[in-house]
Every structure is written in C-alpha cells, then in structure tokens.
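Undergrad:
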Amino acid sequence: MTTPYAVVIPTLVRDTLADCLAALAAAYGPRPERIVLVDDRPATPVPDPEPLEHALSVLGDLRARTTVLPGEARGPAAARNTGLRAVTEPWVVFVDDDVQVGPHWCAQLQRDLDEATPDTAGVPGVITVPLPGGRRPTDWERGTAVLARARWITADMAYRTEVLHRAGGFDERFPRAHREDADLALRLLDAGWRIRRGCRTTLHPVRAASRWASVRRQRGHADDALMRRLHGPDWWERTVSPRGRIRRHAAITAAGAAACALAVTGHRRAAAACAAGWAAGTAEFARARIAPGPRTPEEVATVLATSVVIPPAATWHRLAGAWRHRHARAWPEVAR
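Throughout the sequence shown, residue numbering follows the UniProt record's numbering, covering 1 to 336 in sequence.
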C-alpha cells in the first residue's frame, strides 16, 4: 500500500522548470496524486503563457494530475502556502523549479514516507550540487554548493500536510528563498516534532548568474535579522548554519564611513588610518574568496569588484531588517 502525496512547485517559470518537470515525470515509483504549480510571476504585465505551456508539455500522463494556481508574487514562502491550501493528501512535497529529482525519486520518496514515525513531521531529501571538473569552482558555484549541506532545504522537502496547516504554513515575511525553511523547521521542532533525513536524491545544478549576483544575495541578511528576532541569538547553532562574515562586514563598512567623514572634517591622519583599515579588511575578504577559486582574470575581476560592494550592502540589509522586524511576533500569532 502506497502513501498518497502531492507535489507543490512554486515557480517564476524560468528555463529550468521544464527540466524539473521532465525529471519528475520520468522518475520511477508511485506517482504523486497531484502536482500543484504556483505561477508566482507578477500579474502585470500579463505573463507570457507560452513558457509555462512548454514546461507542462513534458509531463506526459502527469499533466492530467497537474493544477496551475496563480501566486501573489510575494516570494516562495507565500507561493508554497498557496499550493499547500490546495492539497488534501496526507503528505506534501515541496520541490523548487530549478532542481531535478533522481531517476528513482518516486520510489525512494515512498520509502521515506513509509519509514516516517508518527512523530516525524518532515523528511528532507538529499541534495547534490554538481561542480565542474578540471578546475576549481567559482565563488558563485561554491555558494550554491553550500545548499547540499543545508539541513531542511525546501528544494526537496516532504511534510505532513496536517502538521503544516496547524503550524500556519511558511512565514510569508521571508520574501526570498532564504531562511524560511529553517524558520519552519525550528517551529516544528519546538512543538515536539521530529525531522528525519530521507534517502531520495535530487540534483541542484548551478544556474548561470550575473557577476553582481553575490551582491544581490546580501538581501538575505534582512532575513537573518528576522530569524534572530523570532528564534533568539543562538539560531545559528540550532540550525547548524555558518554564521557568515556580518561582523567583519560591519567593521569594514564602519571603517570606510569613518574615513570619509574624517576626511571631510579635515582629520587627515585619522582618516588615513581608517582608510587603511578599510583597505586591509576589503583585501582580506577578496583574498578569502579568490584563493579557493579558479583565479581566472574574469573571476578575479568579479570578486574584486563585488568585495568592495558586499560589506556595505550586507550591513545595510542587516540594519534595515533589524529595524523592519523589530516588533515581529511568532508567525502562528500573526496568521490567526
């Protein structure tokens, strides 16, 4: 006897969606009872329907089990909640639109669900990130590879549907694919549930990105501020997440700002000392990113440019997040 499950995929209908759905359609094992695609593209201008229709065409017989729902363009947490409300199966599996499930994923998922004890709320899959052979990975590729070590990543995560409904679903104040998975996991663990890692495997390719992608990634520091507000200063340890360099970023930014202010007010020696501190901190940051990489001229130029911008960007987003979420309450309280 198989355990019924549904698959929810929030999507911006990127080029990766067709590969994601093709891998799901080809996977061996018991099929999902339903697939819910949440089209989270902004409603204006009206999205082009052709890319979505192309992606749906690869589903084969699963197309009849697939429902497309409009999202509200408020991020993956809100989109997943939209999909969750359409699910009646006992288990819901969240899959990102830029991953490819393994060839035996459906069978492995069934085993994961069958082995789940009554006190198990969630079963994450095993994420692998393929890195290029023959050269060292770039800074962006290494950043993506970190996803393989995330404990509760929603790139492939199965949850009991009833448990999620009781928990209020994902906290929609997380507007990015960052920390909303850890927040939900901590809330469930605090409620006495267990989360046990499964055996199914899913591939998370490194997608192409612009040279400024690492700067845009700093917006996640605002989500870190929300995590601290909701779960306390030890949330890093509880989620087994790397603390990052936010303290160093703040020190570098402060040194640079002080150098500018002191120079304007005529304190040249003090300004020079602060400028030297800023330069030393920036150089150390750039070196730490360049050393493990391929060290090609393009990579070095990208890392040098972004290493100047990342510290103030990270500091700004952290401070803005702390202010924005200074009165944040627990999500179930807000959800009521």
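We put the beta carbon where it would ideally sit given N, CA and C, even for glycine.
Count the other CB atoms within 10 Å of the CB of G321; is the residue buried (16 or more) or exposed (fewer)?
TA: Against the sequence shown, residue 321 aligns to sequence position 321. G321 is buried by the Cβ-count criterion.
Undergrad: Cutting at 7 angstroms between CB atoms, please list the residues of its own chain near A258, excluding the five before and the five after it.
TA: One-based indexing of the sequence shown puts residue 258 at position 258. If we look at A258 and ignore the five residues flanking it on each side, its Cβ neighbours are C274.
Undergrad: Can you give the beta carbon distance from A77 to D171, rounded, assuming they're within the 8 angstroms contact cut?
TA: Looking up residue 77 in the sequence shown gives position 77. Looking up residue 171 in the sequence shown gives position 171. With a Cβ gap of about 6 angstroms, A77 and D171 count as contacting.
Undergrad: Is the beta carbon of D96 sitting closer than 8 angstroms to the one on R14?
TA: Reading the sequence shown from its first residue, position 96 is the one you call residue 96. Reading the sequence shown from its first residue, position 14 is the one you call residue 14. Going by C-beta atoms, D96 is not nearer than 8 angstroms to R14.
Undergrad: Helix or strand or just coil, what does DSSP make of R336?
TA: Stepping through the sequence shown from its first residue, residue 336 is reached at position 336. A caution first: R336 carries a pLDDT of 43, below 50, which makes its placement in the model unreliable, though a value can still be read off. Correct three-state label for R336: coil.
Undergrad: Say yes only if the C-beta of I252 is nearer than 7 angstroms to one or more non-hydrogen atoms of the ligand NAD, and no if none qualify.
TA: The ligand NAD is not among the ligands present in this structure, which contains no ligands whatsoever.
Undergrad: By the three-class DSSP mapping on this structure, what secondary structure does A121 have?
TA: In the sequence shown, counting from the first residue as 1, residue 121 sits at position 121. Three-state DSSP puts A121 in a strand.
Undergrad: Can you name the residues that DSSP bridges to Q100?
TA: In the sequence shown, residue 100 corresponds to position 100, counting from 1. Paired residue(s): L203.
Undergrad: Looking at the structure shown, is V13 part of a helix, part of a strand, or coil, going by DSSP?
TA: Working through the sequence shown from its first residue, we reach residue 13 at position 13. Coil.
Undergrad: Taking C-beta to C-beta, are A150 and H204 nearer than 8 angstroms?
TA: Here residue 150 refers to the residue found at position 150 of the sequence shown. Here residue 204 refers to the residue found at position 204 of the sequence shown. It is not a contact, given that the beta carbons lie outside the stated cut-off.
Undergrad: Comparing alpha-carbon positions, which option in L131, G83, A158 lies nearest D114?
TA: Along the sequence shown, one-based indexing puts residue 114 at 114. It is A158.
Undergrad: With a threshold of 7 angstroms on Cβ separation, who are the neighbours of T2 within its own chain once the five nearest residues in sequence on each side are excluded?
TA: Translated into the one-based positions of the sequence shown, residue 2 becomes position 2. Excluding positions up to five away in sequence, the list reads P30, Q110.
Undergrad: Which whole-angstrom value describes the C-beta separation of residue 337 and H231, a residue pair presumed to lie in contact below a C-beta threshold of 8 angstroms?
TA: Past the boundaries of the shown model lies residue 337; the chain is included only from 1 to 336, so the question cannot be answered.
Undergrad: Rounded to the nearest angstrom, what separates V300 and T161 at their Cα positions?
TA: Numbered from 1 along the sequence shown, position 300 holds the residue referred to as residue 300. Numbered from 1 along the sequence shown, position 161 holds the residue referred to as residue 161. Using only the alpha carbons, I get a separation of about 47 angstroms.
Undergrad: My guess is that G220 and A255 are in contact by the Cβ rule of under 8 angstroms, so how many angstroms apart are they, rounded?
TA: Looking up residue 220 in the sequence shown gives position 220. Looking up residue 255 in the sequence shown gives position 255. 23 angstroms between Cβ atoms; not a contact.
Undergrad: Please list, in chain order, all residues of the same chain as R41 whose beta carbon is under 7 angstroms from its beta carbon, the five residues on each side excluded.
TA: Numbered from 1 along the sequence shown, position 41 holds the residue referred to as residue 41. Here the set comprises L12, V13, P47, A73.
Undergrad: Who are the Cβ neighbours of V206 in its own chain at under 6 angstroms, not counting the five residues just before and after it?
TA: Looking up residue 206 in the sequence shown gives position 206. Closer than 6 angstroms at Cβ, skipping near neighbours: E141, T144.
Undergrad: Can you look up R170 in the DSSP assignment and give me helix, strand or coil?
TA: To locate residue 170, count along the sequence shown from 1; it is residue 170. It should be noted that the sequence gives Phe, not Arg, for residue 170. In this structure, F170 counts as coil in the three-state DSSP scheme.
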